[in-house]
Amino acid sequence: MPESGNHARIVTITTEAEDGLTLLIHGGAGSRGNHNAEEVDRDLNRALDAGYAKLEAGASAEEAVIAAIHVMEDAPEFNAGHGAALTSDGIVQMDACLMDGDGSVGAATGLGTARNPIDVAQAVKDKTKHVLFAEPTDQELADWGIETEDNEYFITDERRRQLVSAQNDGDEWEKHGTIGAVARDGQGHLAAATSTGGITNQMHGRVGDTPLPGCGTYANDETAAISGTGIGEAFIKAVAANQIASRVRFAGQDVEDAAKATLDEIDGYHGDGGVIVLPATGHGVIAYNSETMKFGFRSRTESEVHS
Ligand code: ASP
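Residue numbers (the working numbering): -4 to 302.
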């Protein structure tokens, strides 16, 4: 494991639910900014409402995570869809990944017009024989039934301000805030979904961990579903999501230890961030070594959001 002088401060929140319908979401790890906590809490709750309603209606874990992600992609305060972070040349390039516990997975990168990037990930999974697709054309998006918008639709004044400040006052590399969701449905199946605008002031063409299965997103029905947020480069080096699942699967670690050890490795790569982890059986875990993390969870017995 790489060395770091800076030991990870890991905060772990454990959900009580041992089995049954469970939904965990995150709205990004980052530094303490001046976000509107009321707005974030409201939209995290709306995302939980949308996703958990699917589970209660008997829908699959995949449908639940997509419903939750749609709410957060459409909400401007999260770094995904409308409100995504801007590249150094002032545009939006979004990534997303969707993985089911049966191993089926789709992902897309460099999206500039897809209103809901997670829908593109689902289309790649269901409508092509591929896993990872870069910069689909408008014709391909239309063929897949994806709703599109001009790039301007995604850009908010707040993201413009953050880009100016990143470029004028030094690199605000810590300004991130990807969204993600993991769910366990009534059949005991798992799914994970992650969607992001990347990191403010990233170079045009840069791809982070989010769309890379096993790095920012991973699901396996025998072990766990995982979605991450943070400095993508460090998550890629640690193959973070897969590392957590492998620690559970092959080393017999519980999800909490697996998440902690992986975040320590990410810290060694000079990155920080957080993960939501939901095992096939047992309670879910939210762990982060960034200053803050926005998250929420809901099960039959509990519902909570944190911003
Ligand atoms: N992990 C994302 C990326 O590196 C950023 C984030 O989580 O906010 O693209």
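The beta carbon of each residue, even a glycine, is placed where N, CA and C say it ideally should be.
Quiz prompt | Cβ neighbours of residue 254 in the same chain (closer than 6 angstroms, five flanking residues each side left out) | solution = 239, 270, 272, 280 and 282
Self-check item: Whole beta strand (DSSP E) elements within the region 218 to 290, 3-residue minimum
Solution: 219 to 225, 268 to 274 and 280 to 283
Quiz item: What runs of the alpha helix (DSSP H), each 4 residues or longer, lie entirely inside the region 105 to 179?
Solution: 112 to 122, 133 to 138, 146 to 149 and 152 to 163
Quiz prompt | Spatially closest choice to residue 14 from 295, 84, 250 and 211, by CA coordinates | solution = 295
Quiz item: Cβ of residue 151 versus every heavy atom of the ligand ASP: is any distance shorter than 7 angstroms?
Solution: no
Quiz item: Which residue's Cα is closest to the Cα of residue 121: 162, 20, 101 and 32?
Solution: 101
Practice problem: Examine the Cβ distances between the region 208 to 217 and the region 132 to 141 and report whether three or more of them are shorter than 8 angstroms. | Solution: no
Quiz item: Could you give the C-beta distance for residue 106 and residue 117, rounded to a whole number, given that I count them as a contact under 8 angstroms?
Solution: About 13 angstroms separates the two Cβ atoms, so there is no contact after all.
Quiz item: residue 184 by DSSP, collapsed to three states: which one?
Solution: coil
Exercise. Spell out the partners DSSP gives residue 90 in its beta bridges.
Key: 191
Quiz item: For residue 284, is the beta carbon positioned less than 7 angstroms from some heavy atom of the ligand ASP?
Solution: no
Practice problem: Only counting runs of 4 or more residues, tell me where the alpha helix (DSSP H) segments fall wholly within the region 16 to 70, in order along the chain. | Solution: 32 to 51 and 56 to 69
Quiz prompt | Distance CB(residue 297)-CB(residue 10) smaller than 8 angstroms | solution = yes
Exercise. Since I believe residue 234 is in contact with residue 210 (beta carbons under 8 angstroms), could you give me their beta-carbon distance rounded to a whole number of angstroms?
Key: 6 angstroms
Quiz item: Taking C-alpha atoms, which residue in 80, 293 and 86 lies nearest to residue 51?
Solution: 293
Quiz item: Tell me the DSSP bridge mates of residue 208?
Solution: 212
Exercise. Could you tell me whether the Cβ atoms of residue 76 and residue 111 are closer together than 8 angstroms?
Key: yes
Practice problem: Would you kindly check if the distance between the Cβ of residue 22 and the Cβ of residue 35 is under 8 angstroms? | Solution: yes
Quiz item: If you draw a straight line from the alpha carbon of residue 198 to that of residue 45, how long is it in whole angstroms?
Solution: 34 angstroms
Exercise. For residue 278, count neighbouring Cβ atoms within 10 angstroms of its own Cβ and tell me buried if that reaches 16, exposed if not.
Key: buried
Quiz item: In terms of alpha-carbon separation, which member of 127, 98 and 175 lies closest to residue 268?
Solution: 175
Quiz item: What are the boundary residues of the beta strand (DSSP E) that includes residue 9?
Solution: 6 to 9
Practice problem: Return the CA-CA distance between residue 83 and residue 191, expressed in angstroms with no decimal places. | Solution: 16 angstroms
Quiz item: Which of the three DSSP states, helix, strand or coil, is assigned to residue 202?
Solution: coil
Self-check item: Sequence-distant residues of the same chain with beta carbon closer than 7 angstroms to residue 141, five excluded per side
Solution: 109, 114, 115 and 118
Exercise. Could you have a look at residue -3 and say whether DSSP puts it in helix, strand or coil?
Key: Its pLDDT being 46, under 50, residue -3 is placed unreliably by the model, and nothing is read from it.
Quiz item: Among 67, 145 and 264, which residue has its Cα nearest to the Cα of residue 133?
Solution: 145
Practice problem: Could you tell me whether any non-hydrogen atom of the ligand ASP is closer than 7 angstroms to the CB of residue 194? | Solution: yes
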